[in-house]
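Participant:
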Amino acid sequence: MDNFEEDLTCSVCYSIFEDPRVLPCSHTFCRTCLENIIQGSGNFSVWRPLRFPLKCPTCRSIVELPPTGIISLPINFSLMGIIEKYQKEDHPKTPTCPDHCRQPLNMFCLLDRKLVCGYCLTVGQHQGHPIDDLQNAYIKEKETANKLVEQLSDKHWVVMSVFIEQLVLQKAQAEQIIQQDKDTVVQYFEDLQKTLQTKKEALLAALDEVNAKIASEYDPLIYKMSEMKEEQLALEIFGAFVEEEKDPLTFLENIHIYRQRVNALIKTKLPVIRPLDIQPRAGHFLMEKWSKITVGHIEQAPIPQVKHCLENQWNKDLASYLKHVWELSHKVLTTGVFIAVLFLLAILSLSIFLKESCIDVLNATNSNLPDVQATSWKTVLEVCTKLQSLKTILENLIETLMDFFCQISFFKAENGLSAHVIHCVNLCDANIGKLNIVLFVYIVRIRFEFSLCRWQRHIFLKQ
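Encoded structure:
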């Protein structure tokens, strides 16, 4: 069957004959193959001569074609009939070329190592490439397959299998590590979420507790006020009914009852409504305390002790603390007055000494004693310096006392007692002792220098 198929194959395109034409030399070729040969030769021209030569691809003899060209060549009808019978018979179907319709892939291109058809070799991409028939190519490539199999069994590929196993193992280990890290991240944030949820519930519970206490204090008041309001409305309706009563006996009985109920309602004291203060506020507490907490220490975040305080309780606490402030202020005033008296005594003593020194200067001047005059004036200068120091100390003391009372006067009570008052009171507590010690040292020093000057003056007068 293969040899029979070769007889039905064109020697130009190596495909089954299509529209076979017979040359004068009796060789048969496809009409399309002959037209391609004419177009590819140098003798082809649009303006054809009356006859032009054509070389037979098989016998290489020169034949002259008529002016009408290939179409005038006779058709090989006997060959066409054999081809039709062959194509109708049941035989293995040869694959066709994907580039050329219905052209069988019956040749093998040695350059590209691909199955090709006749059109691929004549006018296609494989034109001019070395070719071989299928059977010879099959025998040659069969040996190549054995060589390739031997190459695949080399040690190199055995080592590659080991590498693949190592890569698979490393990939599995890396995936396991990643999964462990993912589980750690999930567990960490779940614990963090649980901690935050616990803190949230604790904060809400503290607020709910205060809310319950507030409700327990306000609900009875609201209920009592509601009853009084209902009694008022009922008395208004009852009063209108009494006014419309025409019977004197009934009217007198009802007006007595009406008077008693109205008097009872009027005598009922209304509850005192005092403003409510809730501390600490959640927003301020979270901003002040929680903003400094890191994620790792979220479990240590504090929960506030929320408290509510009515106005009378706040006033009581404030009055108690202000009483302490007043006692301390009285203490400061008493100490200040005592110190001021000591300073006045010191200044008075120095003034007397200054007067005596000035008299000595005058006497020394009249006696024409230059050295004595210089010494006396030096003493006067020292006394004036001491007086200047006393003046500075008095000014500082007065400024401290004024600042203290200004802070007490202008404090603003917020969240309980003012931070200015607390700071000022604590400052005075700490500094009263210091003021007493410093001022006492200054007074002792001044008295000592005063006594020394008097002694020097006494020695000077004796001389």
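Numbering follows this note's numbering, with no gaps: position 326 of the sequence shown is 389. Glycine included, each C-beta is placed from N, C-alpha and C at the ideal position.
(1) Helix, strand or coil: which one does DSSP assign to P367?
(2) Spatial neighbours of E294 within its chain, please: CB distance less than 6 Å, with the 5 preceding and 5 following residues excluded, ordered by chain position.
(3) Check for me: the beta strand (DSSP E) holding P311 runs from which residue to which?
(4) Between the Cα of Q198 and those of R84, E280, L168, L259, spot the shortest distance and give me the residue it belongs to.
(5) Determine the closest residue to A200 out of V222, C172, Q188, L284, with distance taken between C-alpha atoms.
(6) Find out if the Cβ-Cβ distance for the pair L71, I145 is shorter than 8 Å.
(7) Let me make sure I understand the geometry here. Which of C76, E228, A237 has the alpha-carbon closest to that of C160?
(8) Comparing C-alpha positions only, which one of F252, D196, C73, A303 sits nearest to L359?
(9) Give me whichever residues DSSP pairs with L178 in a beta bridge.
(10) Measure from the alpha carbon of T121 to the alpha carbon of each residue in F301, E307, P87, V212, then state which is nearest.
(11) Which whole-angstrom value is the C-beta distance of L266 and I366, which I expect to be below 8 Å?
(12) Kindly confirm or deny that the region 127-134 and the region 91-102 touch, where touching means at least three C-beta pairs closer than 8 Å.
(13) In whole angstroms, what separates the C-alpha of Q243 from that of L339?
(14) Along the chain, where does the beta strand (DSSP E) that runs through F92 open and close?
(15) Distance check for P193 and P83, CA to CA, integer angstroms please.
(16) To the nearest angstrom, how far is it from the Cα of Q239 to the Cα of L184?
(17) Quick one, which of L142, C119, K177 has its alpha-carbon nearest E68's?
(18) My parser needs the alpha helix (DSSP H) runs of 4 or more residues fully inside the region 191-231; what are they?
(19) CA-CA distance, N317 and A278?
(20) Could you pull the start and end residues of the alpha helix (DSSP H) that Q166 belongs to?
(21) For E204, which option in K177, C119, F314 has the closest C-alpha, if you only look at C-alpha atoms?
(22) Is it the case that the Cβ atoms of Y321 and F301 are separated by a distance below 8 Å?
(23) On a Cα-Cα basis, can you pick out the residue from C73, G346, G132 that is closest to Q166?
(24) Since K292 and P334 are thought to touch, with beta carbons under 8 Å apart, how far apart are those beta carbons, to the nearest angstrom?
(25) Is V179 buried or exposed, if buried means 16 or more other CB atoms sit within 10 Å of its CB?
(26) Roughly how many whole angstroms lie between the Cα atoms of K210 and H90?
(27) With burial defined as no fewer than 16 other Cβ atoms inside 10 Å of the residue's Cβ, what is the status of H319: buried or exposed?
(28) Relative to the C-alpha of K262, which candidate in K148, C93, I361 has its C-alpha closest?
(29) Would you tell me roughly how many angstroms separate the C-alpha atoms of K148 and I138, rounded to the nearest one?
(30) State buried or exposed for I79, treating a residue as buried only when at least 16 other CB atoms are found within 10 Å of its CB.
(31) For F140, tell me which candidate among A297, L117, F304, V85 has the shortest Cα-Cα distance.
(32) Looking at the secondary structure, which residues open and close the beta strand (DSSP E) in which L128 lies?
(33) Using three-state DSSP, classify D70 as helix, strand or coil.
(34) Does the beta-carbon distance from V273 to L298 come in below 8 Å?
(35) Please classify G31 as buried or exposed, where buried requires at least 16 other C-beta atoms within 10 Å of its C-beta.
(36) From V10 to E206, what does the alpha carbon distance come to, in whole angstroms?
Facilitator: Walking through what the data contain:
(1) coil
(2) L328
(3) Run containing P311: none in the beta strand (DSSP E); it sits in the alpha helix (DSSP H), 311-330.
(4) L168
(5) C172
(6) yes
(7) C76
(8) A quick correction: the sequence has Gly, not Leu, at residue 359. Minimum Cα distance to G359 is reached at F252.
(9) F171
(10) P87
(11) 6 Å
(12) yes
(13) 54 Å
(14) 91-93
(15) 26 Å
(16) 58 Å
(17) L142
(18) 197-215
(19) 39 Å
(20) Looking at the DSSP string, Q166 is not in any alpha helix (DSSP H), and its letter there is neither H nor E.
(21) K177
(22) yes
(23) C73
(24) Rounded, the Cβ-Cβ distance is 13 Å, inconsistent with contact.
(25) buried
(26) 43 Å
(27) exposed
(28) I361
(29) 17 Å
(30) buried
(31) V85
(32) 125-128
(33) helix
(34) no
(35) What the structure shows of the chain is the stretch from 64 to 526, and residue 31 is not part of that stretch, so it cannot be assessed.
(36) Since the displayed the chain opens at 64 and closes at 526, residue 10 lies outside it and no answer follows.
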